[in-house]
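Colleague: Take this structure, written in structure tokens, and hold onto it; I'll ask about it next.
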Amino acid sequence: MNTRFERQQSFIPQDRLAGITATVIGIGAIGRQVALQLSAIGVRRLQMVDFDRVELTNVTSQGYCQTDVGQRKIDATCAAVEAIDPTITVETCADRFRPKQSVGEAIFCCVDSISARAAIWRAVEHRCQFWTDGRMLGEVIRVLAAADRASRDYYASTLFLQSEAQTGQCASRSTIYAASIAAGLMIHQFSRWLRQLPLDSNTFVNLLAGDWVT
27 MNTRFERQQS FIPQDRLAGI TATVIGIGAI GRQVALQLSA IGVRRLQMVD
77 FDRVELTNVT SQGYCQTDVG QRKIDATCAA VEAIDPTITV ETCADRFRPK
127 QSVGEAIFCC VDSISARAAI WRAVEHRCQF WTDGRMLGEV IRVLAAADRA
177 SRDYYASTLF LQSEAQTGQC ASRSTIYAAS IAAGLMIHQF SRWLRQLPLD
227 SNTFVNLLAG DWVT
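Just so we're aligned: the sequence shown equals residues 27 to 240 in this note's numbering.
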């Protein structure tokens, strides 16, 4: 008998996924796509953290609907998640991430600034089993993943000073196709972790130049 997950069962072990709570911090260009892809692959418990509201430009760059404009991003995304699978348990926090906030075993960091990433990492490093961070500026994508000691140490080394960051924030130059690719790479690392395969601690993609480095 066919099941919803039949075609992905060799990639996403549902028995292990069933015991995981996934936390998505930042529901912008990348984070919204991550939340939708997590819902599609069958996550059972999903947390979303974001304080922002949908703007008109987010329809083009972040995949929101015209009718979502003015709504909180977590509310609009929660409705989209429920349309995919109404049985998912969804917890939303309409605020910035706070250090004492509860998190799941798997964390998807999708915020705009290095300083915010560093603060979140310091708060959750010892509380999560899997971590992935999606960074994007225009058509340049970087996805970092951490689970074991070596990959965690490497990730910490990427948290340079905000003053050393490339000019511009993720949200200032973005397209839906680059965000979707970044989200897909993050979900891929999650699937590797679920299957207990080695992670790619650093994936860099420049779409325009055709560069792909892991």
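Ideal Cβ placement from N, Cα and C applies to all residues, glycine included.
#1: Per DSSP, what are the beta-bridge partners of Cys119 in this structure?
#2: Among Gly210, Val69, Trp238 and Arg221, whose alpha-carbon lies nearest the alpha-carbon of Gly57?
#3: Distance check for Phe230 and Ala144, CA to CA, integer angstroms please.
#4: Have a look at Thr83, Arg42, Glu131 and Glu165 and flag the residue whose alpha-carbon is nearest the alpha-carbon of Val50.
#5: Anyone know if the C-beta pair for Arg79 and Arg98 falls short of 9 Å?
#6: Using CA atoms only, rank isn't needed, just tell me which of Arg199, Glu165 and Leu223 is closest to Gly236.
#7: Count the other CB atoms, across all protein chains shown, that sit within 10 Å of the CB of Ala55; report buried if there are 16 or more and exposed otherwise.
#8: I'd like the list of long-range same chain contacts for Arg242, defined as Cβ closer than 6 Å, with 5 residues on each side in sequence excluded.
#9: Excluding the 5 residues flanking Leu225 on each side, which residues of the same chain have their C-beta closer than 7 Å to its C-beta?
#10: So Gln59 and Ala204 are supposed to be a Cβ contact under 8 Å. How far apart are they, rounded?
#11: Take the Cβ of Gly52 as the centre, count every other Cβ of all protein chains shown within 10 Å, and call the residue buried at 16 or more, exposed below.
#12: Do Ile213 and Leu233 have their beta-carbon atoms positioned less than 9 Å apart in this structure?
#13: Could you tell me the alpha carbon to alpha carbon distance between Cys179 and Asp121, rounded to whole angstroms?
#14: Kindly indicate if chain D contains any beta-carbon less than 9 Å away from that of Glu131.
#15: Would you please state the rounded distance, in angstroms, between the beta carbons of Thr118 and Met162? I believe it to be under 8 Å.
#16: Compare the C-alpha of Pro134 against each of Gly96, Ala61 and Asp41 and name the closest.
Modeller: This is what the structure holds:
#1: Counting from 1 along the sequence shown, the entry for residue 119 is found at position 93. DSSP lists Val75 as partners of Cys119.
#2: Reading the sequence shown from its first residue, position 31 is the one you call residue 57. Out of Gly210, Val69, Trp238 and Arg221, Gly210 has the C-alpha closest to the C-alpha of Gly57.
#3: Locating residue 144 in the sequence shown gives position 118, counting from the first residue. Locating residue 230 in the sequence shown gives position 204, counting from the first residue. Approximately 19 Å between the Cα atoms of the pair.
#4: Within the sequence shown, numbered from 1, the residue matching residue 50 stands at position 24. The shortest Cα separation from Val50 among Thr83, Arg42, Glu131 and Glu165 belongs to Glu131.
#5: Position 53 of the sequence shown, counting from 1, holds the residue named residue 79. Position 72 of the sequence shown, counting from 1, holds the residue named residue 98. A contact, by the Cβ cut-off of 9 Å.
#6: Residue mapping note: residue 236 aligns to position 210 of the sequence shown, counting from 1. Ranking the options by Cα distance to Gly236, first place goes to Glu165.
#7: Residue 55 sits at position 29 when you count from the first residue of the sequence shown. Looking at its Cβ environment, which holds 16 or more other Cβ atoms inside 10 Å, Ala55 is buried.
#8: With the chain represented from 27 up to 240, any question about residue 242 goes unanswered, as that position is not in the structure.
#9: Within the sequence shown, numbered from 1, the residue matching residue 225 stands at position 199. Cβ within range, chain order: Ala171, Ala173, Ser177, Gln215, Arg218 and Trp219.
#10: As a first step, residue 59 must be located in the sequence shown, where it is residue number 33. As a first step, residue 204 must be located in the sequence shown, where it is residue number 178. Contact flag wrong, Cβ pair sits at about 10 Å.
#11: To locate residue 52, count along the sequence shown from 1; it is residue 26. Here Gly52 is buried, its C-beta having at least 16 other C-beta atoms within 10 Å.
#12: Translated into the one-based positions of the sequence shown, residue 233 becomes position 207. Translated into the one-based positions of the sequence shown, residue 213 becomes position 187. Their beta carbons are not under 9 Å apart, which means Leu233 does not touch Ile213 by this criterion.
#13: On the sequence shown, position 153 is the one that residue 179 refers to. On the sequence shown, position 95 is the one that residue 121 refers to. The question names Cys, but residue 179 in the sequence shown is Asp. For Asp179 and Asp121, the distance between alpha carbons rounds to 29 Å.
#14: Of the protein chains in the structure, only one exists, and it is not chain D.
#15: If you number the sequence shown from 1, residue 118 lands on position 92. If you number the sequence shown from 1, residue 162 lands on position 136. The distance from the Cβ of Thr118 to that of Met162 is about 23 Å, inconsistent with a contact at the 8 Å cut-off.
#16: Working through the sequence shown from its first residue, we reach residue 134 at position 108. The displayed chain sequence assigns Phe, not Pro, to residue 134. When only C-alpha atoms are compared, the closest one is Ala61.
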